[in-house]
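Visitor: Structure provided below as structure tokens; questions to follow.
Residue numbers (this note's numbering): 2 to 251.
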């Protein structure tokens, strides 16, 4: 009887989630809320970098939104109208446009919070170089073997480009980002898991498996982990340069 109650309770919870038309928007705002509030914390004072952060987010988002639009029209992925409020621009729900602002902000805040509170924690130059070259080699192999799968191909090429920039980066951002990325993966896995169908009957964002490796971590396509890495890292590359331009690198 207890098992029946638990089972019924689980399905009722799933039903309630499925009935939330604005679920995508709720996930975005929930992800953004805590980092935004703590941006005003006096010691870290993250708001002093807002000009650099939001300019970087806008520039990087421009590239990823174009990529997003092209892939949506090509049927590489798409969006379930049951979970967004209804406004779309170039086939992207307004929540998807917001994604490229709110999620990078939350993730970048995590990176800089870890850097502020644990300044000595970073990987050695030697290890970073080895990791980066190994990843680039693996990604080149994916490009050669799966050049006919559009998401795998483009995602790998963008990530290769980002990692090459990382090798040439004088700020050694990868030394810290390889570690902060692991922390970012915790909320990422929860949020992206729901977006791709965890805990709900149908995904908010669906993927055409003919255009990716078909390998998933729970419901998340493997490529999404590389996509997130390049999205955040390209932002960091720009932020560090804008901090110097705006003289906020203190």
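From the three backbone atoms N, C-alpha and C, an ideal C-beta is built for every residue, glycine too.
Nothing here was measured: the structure is a model prediction, and the numbers come from that model.
For a minimum of 3 consecutive residues, which ranges assigned as the beta strand (DSSP E) are wholly contained in the segment 126-211?
Guide: Taking only runs of at least 3 residues, the beta strand (DSSP E) segments lying wholly in the segment 126-211 are 206-208.
Visitor: Where DSSP assigns a beta bridge to residue 27, which residues make up the other side?
Guide: Stepping through the chain shown from its first residue, residue 27 is reached at position 26. According to DSSP, which records beta bridges pairwise, residue 27 is partnered with nothing at all.
Visitor: Helix, strand or coil for residue 90? Go by DSSP, reduced to three states.
Guide: Taking the chain shown and counting its residues from 1, the one referred to as residue 90 is at position 89. In the structure shown, residue 90 sits in a strand (DSSP, three-state: E or B).
Visitor: Residue 76 and residue 210 look like a contact to me (Cβ under 8 Å); what is the Cβ gap, rounded to whole Å?
Guide: Position 75 of the chain shown, counted from the first residue, corresponds to residue 76. Position 209 of the chain shown, counted from the first residue, corresponds to residue 210. 12 Å between Cβ atoms; not a contact.
Visitor: So, with DSSP's three-state summary, where would you put residue 218?
Guide: By 1-based counting over the chain shown, the position of residue 218 is 217. Three-state DSSP puts residue 218 in a strand.
Visitor: Compare the Cα-Cα distances from residue 111 to each of 199, 219, 178 and report the closest residue.
Guide: The residue labelled residue 111 in the question sits at position 110 within the chain shown. Of the candidates 199, 219, 178, the one whose C-alpha sits nearest the C-alpha of residue 111 is 178.
Visitor: Just to confirm, is the Cβ distance from residue 166 to residue 124 under 8 Å?
Guide: Along the chain shown, one-based indexing puts residue 166 at 165. Along the chain shown, one-based indexing puts residue 124 at 123. Going by C-beta atoms, residue 166 is not nearer than 8 Å to residue 124.
Visitor: Could you name the residues of the same chain whose beta carbon sits closer than 6 Å to that of residue 207, not counting the 5 residues immediately before and after it, in chain order?
Guide: Residue 207 sits at position 206 when you count from the first residue of the chain shown. Excluding sequence neighbours, residue 207 sits near 79.
Visitor: To the nearest angstrom, report how far apart residue 162 and residue 140 are at their CA atoms.
Guide: The count along the chain shown starts at 1 and reaches residue 162 at position 161. The count along the chain shown starts at 1 and reaches residue 140 at position 139. Looking at the two C-alpha atoms, the distance is approximately 10 Å.
Visitor: Residues in its own chain within less than 7 Å of residue 170 by CB, not counting five upstream and five downstream?
Guide: Here residue 170 refers to the residue found at position 169 of the chain shown. Once the five neighbours on either side are set aside, the close Cβ partners of residue 170 are 238.
Visitor: Can you name the residues that DSSP bridges to residue 80?
Guide: Locating residue 80 in the chain shown gives position 79, counting from the first residue. Residue 80 is bridged to 206.
Visitor: In whole angstroms, give me the CA-to-CA distance for residue 232 and residue 102.
Guide: Residue mapping note: residue 232 aligns to position 231 of the chain shown, counting from 1. Residue mapping note: residue 102 aligns to position 101 of the chain shown, counting from 1. For residue 232 and residue 102, the distance between alpha carbons rounds to 11 Å.
Visitor: Just to confirm, is the Cβ distance from residue 88 to residue 73 under 8 Å?
Guide: One-based indexing of the chain shown puts residue 88 at position 87. One-based indexing of the chain shown puts residue 73 at position 72. No; because the gap between Cβ atoms is not below 8 Å, this pair is not in contact.
Visitor: When you compare each of 82, 85, 24, 108 to residue 55 by their alpha carbons, which one comes out closest?
Guide: Position 54 of the chain shown, counted from the start, is the residue given in the question as residue 55. For the residues 82, 85, 24, 108, the minimum Cα distance to residue 55 belongs to 108.
Visitor: Measuring only the C-alpha atoms, how far is residue 104 from residue 127?
Guide: Numbered from 1 along the chain shown, position 103 holds the residue referred to as residue 104. Numbered from 1 along the chain shown, position 126 holds the residue referred to as residue 127. Rounded to whole angstroms, residue 104 to residue 127 spans 31 Å at the Cα level.
Visitor: Less than 8 Å between the C-beta atoms of residue 202 and residue 220, yes or no?
Guide: Numbered from 1 along the chain shown, position 201 holds the residue referred to as residue 202. Numbered from 1 along the chain shown, position 219 holds the residue referred to as residue 220. No, the Cβ-Cβ distance between residue 202 and residue 220 is not below 8 Å.
Visitor: What is the DSSP secondary structure of residue 248, reduced to helix, strand or coil?
Guide: As a first step, residue 248 is located in the chain shown; it is residue number 247 there, counting from the start. Here residue 248 sits in coil by DSSP.
Visitor: Applying the 10 Å Cβ sphere with the 16-neighbour rule, what's the burial state of residue 67?
Guide: For the purposes of this step, residue 67 is taken as the residue at position 66 of the chain shown. Answer is exposed; the Cβ neighbour count stays below 16.
Visitor: Quick check on the burial criterion: 16 or more other C-beta atoms within 10 angstroms. Buried or exposed for residue 62?
Guide: To locate residue 62, count along the chain shown from 1; it is residue 61. Under this definition residue 62 is a buried residue.
Visitor: DSSP three-state call for residue 116: helix, strand or coil?
Guide: In the chain shown, residue 116 corresponds to position 115, counting from 1. Residue 116 falls in the helix class under three-state DSSP.
Visitor: Please work out which residues of its chain come closer than 8 Å, Cβ to Cβ, to residue 70, disregarding the five sequence neighbours upstream and downstream, and give them in chain order.
Guide: Here residue 70 is taken as the residue at index 69 of the chain shown, counted from 1. These residues qualify, in order along the chain: 91, 92, 93.
Visitor: Within 7 Å: the Cβ of residue 51 and any heavy atom of the ligand NAP?
Guide: This structure simply doesn't include the ligand NAP, nor any ligand for that matter.
Visitor: Note down the Cα distance separating residue 217 from residue 193, rounded to an integer number of angstroms.
Guide: As a first step, residue 217 must be located in the chain shown, where it is residue number 216. As a first step, residue 193 must be located in the chain shown, where it is residue number 192. Between residue 217 and residue 193, the C-alpha separation is close to 12 Å.
Visitor: Closest by CA to residue 65, which one among 160, 52, 50?
Guide: Taking the first residue of the chain shown as position 1, residue 65 is located at position 64. For the residues 160, 52, 50, the minimum Cα distance to residue 65 belongs to 160.
Visitor: Could you check what DSSP says for residue 110 in three-state terms: helix, strand or coil?
Guide: In the chain shown, the residue the question calls residue 110 occupies position 109. DSSP places residue 110 in helix when its eight states are reduced to three.
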